[in-house]
Amino acid sequence: MSREKVKQYTFLIRQLTAREIRRKYARSYLGILWSVLNPLLSMAVLSLIFSRMFRRSIENYPIYYLTGYLVWQTFTAATVSSMSTLADNKTLLLKVRFPMELFILARVYTAMVNLAYSLLAYGVMLAVFRVRPRPALLLAPAVFLLLFLFALGISYLLSAACVFFGDVKHLYTVLLTLWMYCSAIFYPVSQLEGIMRRVVEHNPLYLYIDCLRGLVMEGRLPTPLASAQMFLWAAGAYLAGTAVFRRKRDRMIQKL
């Protein structure tokens with residue numbers, strides 16, 4: 034790919050991302066501030082409900098929950114919004130000769146931009162609850178990069194499937210509910226036993242959540258096994274999603 038095309042595609046992704054952010058907050062007085070307020074309000078509500086229940090097994094529950102929530106919210110925002118992006122941009126796709134992948138990439142990138150704003154509130158909460166930064170925290174960008182690749186791969190798969198089967202949107206909503214409860218966002222895994230515990234511990238999103246919690250709250254580095262699992266999930270999802278999307282590209286254009 035030439036340098037000129039890279040510049041064009043980068044410019045297009047930025048423009049699409051800016052458009053998505055403007056559209057999302059078009060009728061909101063607070064606008065992008067909701068990316069900061071939303072995780073804080075969610076943390077406050079869940080902390081009131083579950084802090085007493087889990088105070089013996091989870092130290093600093095608000096940060097425990099907020100860390101998991103940010104990872105989960107970023108993933109769901111990226112994948113859910115990506116499902117409809119080809120239909121939303123149908124006119125533009127048929128008129129210009131840009132790769133279809135760029136429209137999916139822009140939606141996932143938008144979710145990461147929103148995460149960046151949310152991290153401002155996260156940093157404030159770390160200071161409020163006196164969670165001091167540790168050297169291990171320097172690995173957090175690597176976790177977010179793997180999360181980005183994992184979300185992008187799943188988004189490719191979902192967007193392609195949604196072109197041919199509109200019911201995928203509804204099925205994925207049901208799956209997300211189950212997936213959320215299997216990600217240990219607001220409860221400790223230590224309270225689970227047997228097969229349910231193994232399911233949660235091998236859940237890719239839980240791996241990213243647990244790794245980030247360890248880096249932030251304990252200064253704990255991920256084990257070699259956990260690091261390998263996170264990398265394989267990210268690489269596998271990205272490669273599978275890219276392969277399916279490119280293979281079905283012509284049929285998707287015809288279907289649109």
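Read in order, the letters of the sequence shown correspond to residues 34 to 289 in this note's numbering.
Don't be surprised by glycine CBs; every beta carbon is placed ideally from N, CA and C.
Residue of the options minimising C-alpha distance to residue i
{"i": "VAL113", "options": "THR143, GLY101, THR100, PHE219", "result": "THR143"}
{"i": "LEU179", "options": "ALA261, PHE278, VAL277, PRO95", "result": "ALA261"}
{"i": "LEU125", "options": "SER115, MET116, PHE136", "result": "PHE136"}
{"i": "PRO221", "options": "TYR94, ARG52, MET263, ILE46", "result": "TYR94"}
{"i": "TRP105", "options": "GLY269, ASP243, LEU238", "result": "LEU238"}
{"i": "ALA259", "options": "ALA111, LEU152, VAL176", "result": "VAL176"}
{"i": "SER151", "options": "LEU265, ASP200, LEU99", "result": "LEU99"}
{"i": "VAL196", "options": "LEU119, TYR102, GLU251, ARG56", "result": "LEU119"}
{"i": "HIS235", "options": "TYR205, ILE218, GLN224, TRP266", "result": "TRP266"}
{"i": "SER192", "options": "LYS40, SER117, LYS123", "result": "SER117"}
{"i": "LEU138", "options": "THR206, THR50, TYR155, TRP212", "result": "THR50"}
{"i": "SER115", "options": "PHE181, LEU103, ALA149", "result": "PHE181"}
{"i": "ILE286", "options": "MET133, ALA268, PRO255, GLN224", "result": "MET133"}
{"i": "LEU171", "options": "ARG47, ARG282, VAL249", "result": "VAL249"}
{"i": "ALA111", "options": "ARG282, VAL141, GLN224", "result": "VAL141"}
Presumed contact (8 angstroms Cβ cut-off) between residue i and residue j, rounded CB distance
{"i": "ARG253", "j": "ALA169", "result": "7 angstroms"}
{"i": "LEU45", "j": "PHE131", "result": "6 angstroms"}
{"i": "THR107", "j": "MET145", "result": "7 angstroms"}
{"i": "ALA270", "j": "ILE218", "result": "In fact, because the Cβ distance is near 20 angstroms, the residues do not count as touching under 8 angstroms."}
{"i": "TYR241", "j": "MET263", "result": "6 angstroms"}
{"i": "GLY274", "j": "LEU204", "result": "Their Cβ separation, rounded to whole angstroms, is 17 angstroms, which puts GLY274 and LEU204 out of contact at 8 angstroms."}
{"i": "PRO257", "j": "CYS244", "result": "At roughly 12 angstroms, the Cβ-Cβ gap does not stay under 8 angstroms, so PRO257 and CYS244 are not in contact."}
Alpha-carbon spacing of residue i relative to residue j, whole angstroms
{"i": "ALA276", "j": "ALA160", "result": "43 angstroms"}
{"i": "GLU92", "j": "PHE162", "result": "11 angstroms"}
{"i": "CYS215", "j": "VAL232", "result": "7 angstroms"}
{"i": "ARG167", "j": "ALA173", "result": "11 angstroms"}
{"i": "LEU209", "j": "MET229", "result": "17 angstroms"}
{"i": "ARG284", "j": "PHE278", "result": "10 angstroms"}
{"i": "VAL201", "j": "LEU211", "result": "15 angstroms"}
{"i": "TYR97", "j": "ASN147", "result": "20 angstroms"}
{"i": "TYR102", "j": "GLY227", "result": "25 angstroms"}
{"i": "ARG165", "j": "VAL207", "result": "38 angstroms"}
{"i": "ARG52", "j": "VAL157", "result": "28 angstroms"}
{"i": "ARG56", "j": "ASN122", "result": "14 angstroms"}
{"i": "LYS40", "j": "PHE198", "result": "34 angstroms"}
{"i": "ALA149", "j": "GLN48", "result": "18 angstroms"}
{"i": "GLU251", "j": "LEU272", "result": "33 angstroms"}
{"i": "ALA268", "j": "ALA194", "result": "20 angstroms"}
{"i": "LEU225", "j": "ARG282", "result": "43 angstroms"}
{"i": "THR43", "j": "ARG280", "result": "23 angstroms"}
{"i": "LYS154", "j": "PHE183", "result": "Strictly speaking, residue 154 in this sequence is Ala, with Lys absent from that position. Between ALA154 and PHE183, the C-alpha separation is close to 24 angstroms."}
Near the ligand FAD: residue i beta-carbon under 6 angstroms from a heavy atom
{"i": "ASN93", "result": "Absence of the ligand FAD from the depicted structure is noted, as is the absence of any ligand whatsoever, leaving it without description."}
Every unbroken alpha helix (DSSP H) inside the region 134-209 [4 residues or more]: 134-161, 173-197
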